Amino acid sequence: MAKVIIIGCGGVGTVCAHKCAQNPDVFTEIVIASRTVAKCNAVKAAIEKAAASEGRRLPVITTAQVDADSVEDLCRLFRREKPLMAINLALPYQDLTIMDACLECGVNYLDTANYEPRDEAHFEYSWQWAYRERFEKAGLTAILGCGFDPGVSGVFTAYAAKHYFSEMETLDIVDCNAGNHGKAFATNFNPEINIREITQNGRYWQDGKWVTTKPLEIHASLTYPEIGPRDSYLLYHEELESLVQNFPTIRRARFWMTFGQEYLTHLRVIQNIGMARIDEIDYNGQKIVPLQFLKAVLPNPQDLGENYTGETSIGCRISGKGKDGQPATYYIYNNCSHSEAYKETGMQAVSYTTGVPAMVGAMMFITGQWNKTGVRNVEEFDPDPFLAQLAVQGLPWHEVLQGDLEVDKIG
Numbered sequence: 017m018a019k020v021i022i023i024g025c026g027g028v029g030t031v032c033a034h035k036c037a038q039n040p041d042v043f044t045e046i047v048i049a050s051r052t053v054a055k056c057n058a059v060k061a062a063i064e065k066a067a068a069s070e071g072r073r074l075p076v077i078t079t080a081q082v083d084a085d086s087v088e089d090l091c092r093l094f095r096r097e098k099p100l101m102a103i104n105l106a107l108p109y110q111d112l113t114i115m116d117a118c119l120e121c122g123v124n125y126l127d128t129a130n131y132e133p134r135d136e137a138h139f140e141y142s143w144q145w146a147y148r149e150r151f152e153k154a155g156l157t158a159i160l161g162c163g164f165d166p167g168v169s170g171v172f173t174a175y176a177a178k179h180y181f182s183e184m185e186t187l188d189i190v191d192c193n194a195g196n197h198g199k200a201f202a203t204n205f206n207p208e209i210n211i212r213e214i215t216q217n218g219r220y221w222q223d224g225k226w227v228t229t230k231p232l233e234i235h236a237s238l239t240y241p242e243i244g245p246r247d248s249y250l251l252y253h254e255e256l257e258s259l260v261q262n263f264p265t266i267r268r269a270r271f272w273m274t275f276g277q278e279y280l281t282h283l284r285v286i287q288n289i290g291m292a293r294i295d296e297i298d299y300n301g302q303k304i305v306p307l308q309f310l311k312a313v314l315p316n317p318q319d320l321g322e323n324y325t326g327e328t329s330i331g332c333r334i335s336g337k338g339k340d341g342q343p344a345t346y347y348i349y350n351n352c353s354h355s356e357a358y359k360e361t362g363m364q365a366v367s368y369t370t371g372v373p374a375m376v377g378a379m380m381f382i383t384g385q386w387n388k389t390g391v392r393n394v395e396e397f398d399p400d401p402f403l404a405q406l407a408v409q410g411l412p413w414h415e416v417l418q419g420d421l422e423v424d425k426i427g
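Numbering (our numbering), first residue to last: 17 to 427.
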């Protein structure tokens, strides 16, 4: 039905390309584009090998080199290929450049993480929301944050509002990685982005205002399905910003992520010795950013999948008033196996749980089920067709009604 360009060929881009190729009736042509075209060619070859072994039909797949920091270079690619949508799986620093190119060339847009400036560990939607009127006037759609969290977490929340609640009052997004990759220290996605994210101050929504905490200051043991109790830490995560706007009855919204003590010890050392710095320093007459140097020596997240065991568990725990006006609790979640994700795509579950929703979001747009113009967060669309496809495409989800949310006992 449509041609798409996938920009970025890391773990998430690899998964998204595999999943798009598994749906040739929707994605009739796929262009995999990155700064390093050899990586794109390797992904294309892996997709073709998997399809041949399973006897599957493939769409037309091509590759291209592109500099996602250059509007001019992006526009050359867009004008040559004429895609319906650009799926941005590059770095968050490049969101605005890609959005500018989409506007200039009449291409629809989807990403999985909001914009973040290179020189400041800070992220919020204001920069991308500023594009709303321009995309709407152009008759184009920009879908923001269509990974898992952000992404499925927002769709889960919209689904809860549509089917179970007259008023949602508390929302806790809980993200557990109970996997073991066998490395002393590694991050599950881009180390630079990951470390910038978790070393920031925490922040949560309470009674109409943001409350700021010290990094990883608030923590509790939460129990995850099929996994058990894990130390969980309060972070700020971008979907909270849009969710409290789009669902104004929410009086408290928080985000929790699990970390093991060994990981946190390494993280403290990295910070204490200055390797988490994002400003330039002079080293032997050359300017380097310590965190970018650290990224170069840490394990590549794309290479973690082969021996990765265990699973992830991500979901939303919500309380409020049910459709009947009575108190209600609701927990909706997905568990994803690292080893099963690797068998299918060659990537671990953290990449899989982001890449699959990106494909499903693009599918929703291409098939006309998500058809609003302008700049939109995922919870602004109908959650039902998205979640129906999510389950079919490898991320089944589960519900617990009137269960113990645990999070109500914290704070």
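Cβ coordinates follow ideal geometry from the N, Cα and C atoms, glycine included. As the structure is a computational prediction, the values presented were derived from the model and not from experiment.
Nearest candidate by alpha-carbon position, reference residue i, set the options
i: Ile22; options: Lys65, Ile77 and Ala62; result: Ile77
i: Ala362; options: Ala66, Leu100 and Glu97; result: Checking the displayed sequence, the identity of residue 362 turns out to be Gly instead of Ala. Measuring from the Cα of Gly362, the nearest candidate turns out to be Ala66.
i: Val168; options: Asp424, Val376, Ala357 and Leu417; result: Val376
i: Ser355; options: Val416, Cys162 and Ala194; result: Ala194
i: Leu74; options: Leu93, Cys332, Gln38 and Glu97; result: Gln38
i: Ala357; options: Lys225, Tyr349 and Thr369; result: Thr369
i: Gln261; options: Gln222, Leu250, Met115 and Ile304; result: Gln222
i: Gly390; options: Gly155, Arg267 and His138; result: Gly155
i: Leu417; options: Ile426, Gln385, Ile334 and Val408; result: Ile334
i: Asn217; options: His138, Thr44, Asp188 and Gly161; result: His138
Cut-off 8 Å between Cβ atoms - residues of its own chain near residue i, not counting five sequence neighbours on either side
i: Leu280; result: Leu232
i: Val53; result: Thr79, Ala80 and Gln81
i: Gly338; result: Tyr180, Phe181, Ser182 and Ala344
i: Gln277; result: Asp247
i: Asp83; result: Arg51, Asp89 and Leu90
i: Gln144; result: Asp111, Leu112, Met115, Asn130, Tyr131, Ala158, Leu160 and Val391
i: Arg148; result: Gly390 and Val391
Inter-residue Cα distance where the pair is residue i and residue j
i: Ala117; j: Ala174; result: 30 Å
i: Thr215; j: Val190; result: 18 Å
i: Ser142; j: Asp400; result: 27 Å
i: Thr14; j: Met184; result: No answer is possible for residue 14: the residues shown for the chain start at 17 and end at 427.
i: Ile46; j: Lys359; result: 22 Å
i: Pro269; j: Glu140; result: For the record, residue 269 in the displayed sequence is Ala; it is not Pro. Going from the Cα of Ala269 to the Cα of Glu140 covers about 16 Å.
i: Val20; j: Tyr109; result: 21 Å
i: Pro373; j: Glu257; result: 20 Å
i: Thr228; j: Arg392; result: 26 Å
i: Phe151; j: Asn300; result: 46 Å
i: Gly163; j: Gly371; result: 7 Å
i: Val366; j: Leu406; result: 15 Å
i: Lys388; j: Ile159; result: 9 Å
i: Leu100; j: Ala18; result: 6 Å
i: Leu259; j: Glu395; result: 8 Å
i: Thr274; j: Arg72; result: 38 Å
i: Asn196; j: Ile286; result: 21 Å
i: Tyr249; j: Phe94; result: 41 Å
i: Ile63; j: Asp111; result: 26 Å
i: Ala7; j: Val42; result: Given that the chain is displayed from residue 17 to residue 427, the structure contains no residue 7 and the question cannot be resolved.
i: Trp413; j: Gly331; result: 9 Å
i: Lys35; j: Ser69; result: 16 Å
i: Val31; j: Gln364; result: 9 Å
i: Thr113; j: Phe397; result: 25 Å
i: Ala58; j: Glu97; result: 20 Å
i: Tyr131; j: Gly161; result: 10 Å
i: Gln385; j: Ala404; result: 12 Å
i: Arg134; j: Thr157; result: 26 Å
i: Ile426; j: Val408; result: 35 Å
i: Ile304; j: Lys230; result: 28 Å
Own chain residues within Cβ distance below 6 Å of residue i, not counting five before or after
i: Cys56; result: Cys25, Ile48, Ser50 and Thr79
i: Gly29; result: Ile22 and Leu105
i: Pro245; result: Ser237 and Thr239
i: Glu120; result: Cys91
i: Leu283; result: none
i: Pro166; result: Glu254 and Glu255
i: Asp188; result: Arg270, Arg333 and Val423
Close-in-space but distant-in-sequence residues of the same chain around residue i (CB under 7 Å, 5 per side omitted)
i: Gly419; result: Thr345 and Tyr347
i: Ser422; result: In the sequence as displayed, the identity of residue 422 is Glu instead of Ser. Around Glu422: Leu238 and Thr239.
i: Lys60; result: Ile48, Ile77 and Thr79
i: Pro40; result: Arg73, Leu74 and Pro75
i: Leu411; result: Asn350, Cys352, Thr369 and Val372
CB-CB length for residue i against residue j, believed under 8 Å
i: Ala177; j: Phe271; result: Not a contact, Cβ separation roughly 18 Å.
i: Phe381; j: Val171; result: That pair is no contact at about 14 Å.
i: Asp340; j: Thr186; result: Asp340 to Thr186, Cβ: 18 Å. No contact.
i: Pro241; j: Ser353; result: Going by Cβ atoms, the distance from Pro241 to Ser353 rounds to 13 Å, so no, they are not a contact pair.
i: Ala192; j: Ile234; result: The sequence given here places Cys at residue 192; Ala does not occur at that position. Contact doesn't hold; Cβ gap of about 16 Å is too wide.
Requested in this report: Could you tell me whether the segment 91-106 touches the segment 120-133, where touching means 3 or more Cβ pairs closer than 8 Å?
Outcome: yes
Query raised in the report: Taking three-plus beta-carbon pairs below 8 Å as touching, is the segment 247-261 in contact with the segment 284-301?
Result: no
**Report entry** the segment 296-310 contacting the segment 323-332, beta-carbon criterion three pairs below 8 Å
**Finding:** no
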